[in-house]
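Novice: Have a look at this one.
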Amino acid sequence: MKKTVLITGASSGFGLLLANKLHGQGFNVIGTSREPEKYQGKVPFKLLRLDVSDDHSVKTFTEELFQHTKQLDVLVNNAGYMVTGIAEETSIEVGRQQFETNFWGTIKVTNALLPHFRKKKSGQVITVSSIVGLIGPPNLSYYTASKHAVEGYFKSLRFELDQFNIKVSMVEPVWFKTNLAHNAVSSTGGGIGDYDGYRKQVNAATQKGIDEAEAPDAVIKKIAQMIDTVDPKFSNPVGKMTGMFLFLQSYAPKMFEGSILKSDKTAK
Ligand SMILES: NC(=O)c1ccc[n+]([C@@H]2O[C@H](COP(=O)([O-])OP(=O)(O)OC[C@H]3O[C@@H](n4cnc5c(N)ncnc54)[C@H](OP(=O)(O)O)[C@@H]3O)[C@@H](O)[C@H]2O)c1
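Per numbering that gives the first Met the number 0, the sequence shown runs over residues 0 to 267.
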């Protein structure tokens, strides 16, 4: 029997593409959106309402989920968004909201479903982190912090879940063409004159990353492979340059910092 896979944030980007692919392969796919009515009749899989940042929504969603299915095999924590901007110019409230979705939201959904996985002594939790969960570029401090936080959380959690045969993995994509940039929340800048020149540089460098983003196929392929693998790796970076970034960060940190600063300077 094909597995039942839950994908949070399946109305757009990675989540939508993955849901369509797995549905086409015969998996029982359940996706989520904050506004499922917008996509009614437009997606071939079941789409349930979920705002991961809202406790009440997570509770209602969990009850609804088990009305639709008796069994869940895989959770893909994919829902998320990106805050951009100079850190000092970004309000704490904007940063806090970033964590409410990317960090606390991911944990709340995971916690809501772990009792099911523990009871059946099997399950898989795949979390879409980011390459910025492993490295730290400028202009993305809160997004980077939220992705580092999920990386750290699951790095520890996987040991606790091993006894229940629950597999835990991360996916760490670089830039890929989805609606992430369009849906990003940006501190509008300004405010602190000392950053005026630098802000222009880093905004241009961020835009360059977005403009040069790859098509998302490699990420979808990687997650589909992980679902099919008996013993998937914990960390799964995807995309051009990921290997080089991680190698330089560990073994040639000055060169790594130079490569990040250089991309900012060329953006002047
Ligand atoms: N694209 C990239 O280059 C890239 C790189 C690394 C990591 N990522 C990560 O990949 C994941 C998916 O992003 P994407 O690139 O596919 O962007 P996207 O096209 O903007 O899709 C984001 C999805 O997340 C959902 N979402 C956002 N906030 C939510 C909330 N509070 N509660 C529930 N669902 C929420 C959205 O659904 P609704 O609006 O319908 O609720 C949407 O389906 C994110 O975690 C992102 O950080 C993306």
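Cβ atoms here follow ideal geometry from the backbone N, Cα and C, with glycine treated the same way. What you are looking at is a predicted structure, and each value in this text was computed from that prediction instead of being measured.
With C-beta atoms as the reference, is Ser32 less than 8 Å away from Asn101?
Specialist: no
Novice: Assess contact between the stretch 126 to 142 and the stretch 78 to 87, defined as three or more Cβ pairs (one per stretch) separated by less than 8 Å. Is contact present?
Specialist: Segments in contact, yes.
Novice: Heavy atom of ligand 1 less than 7 Å from the Cβ of Ala223, yes or no?
Specialist: no
Novice: Nearest-angstrom Cα distance between Met240 and Asn182?
Specialist: Taking the straight line from one Cα to the other gives about 25 Å.
Novice: Taking a contact to mean a Cβ-Cβ separation below 8 Å, would you say Leu64 touches Leu46 in this structure?
Specialist: no
Novice: Can you tell which of Gln162, Ser155 and Asp195 has the C-alpha that lies nearest to the C-alpha of Ser168?
Specialist: Ser155
Novice: Using a 10 Å radius around the Cβ and a threshold of 16 neighbouring Cβ atoms, would you call Gln224 buried or exposed?
Specialist: exposed
Novice: If you measure from the CB of Pro114, is any heavy atom of ligand 1 nearer than 7 Å?
Specialist: Pro114: no, Cβ never under 7 Å from ligand 1.
Novice: Would you call the CB atoms of Val57 and Lys107 closer than 8 Å?
Specialist: yes
Novice: Closer than 7 Å to a non-hydrogen atom of ligand 1 - does that hold for the CB of Ser10?
Specialist: Yes, the Cβ of Ser10 comes within 7 Å of a heavy atom of ligand 1.
Novice: Give me whichever residues DSSP pairs with Asn235 in a beta bridge.
Specialist: The beta-bridge partner set that DSSP reports for Asn235 consists of Val170.
Novice: When the Cβ atoms of the stretch 109 to 124 are set against those of the stretch 72 to 79, are three or more pairs found closer than 8 Å?
Specialist: Between the stretch 109 to 124 and the stretch 72 to 79 there are three or more C-beta pairs closer than 8 Å, enough to call the two in contact.
Novice: Using DSSP with H/G/I as helix, E/B as strand and the rest coil, what is Asp263?
Specialist: Because the pLDDT at Asp263 is just 49, under 50, the model does not fix this residue reliably, and the point stays unresolved.
Novice: What is the DSSP secondary structure of Asn138, counted as helix, strand or coil?
Specialist: coil
Novice: Flag this pair as yes or no: are the beta carbons of Gly79 and Val127 separated by less than 8 Å?
Specialist: yes
Novice: What span of residues does the alpha helix (DSSP H) with Asn202 cover, start to end?
Specialist: Asp195 to Asp210
Novice: Measure the alpha-carbon distance for Thr205 versus Val173 and round it to whole angstroms.
Specialist: Each residue's Cα considered, the two are about 12 Å apart.
Novice: Using a Cβ-Cβ cutoff of less than 7 Å, which residues in the same chain neighbour Leu16 once the five nearest sequence positions on both sides are dropped?
Specialist: Pro215 and Ile219
Novice: Using 10 angstroms around the beta-carbon of Met243, count the other beta-carbons present and answer buried if the total reaches 16, otherwise exposed.
Specialist: exposed
Novice: Less than 6 Å between C-beta atoms, sequence neighbours within five positions excluded: which residues of the same chain meet that for Thr3?
Specialist: Cβ within range, chain order: Asn27, Thr68, Gln70, Leu71 and Asp72.
Novice: Between the beta-carbon of Gly190 and the beta-carbon of Glu213, is there less than 8 Å?
Specialist: no
Novice: If we ignore side chains and look at the alpha-carbon of each, how far apart do Leu49 and Phe158 end up?
Specialist: 28 Å
Novice: Using DSSP with H/G/I as helix, E/B as strand and the rest coil, what is Arg157?
Specialist: Helix at Arg157.
Novice: Using DSSP bridges, identify the partner residues of Ile125.
Specialist: Val75 and Ser168
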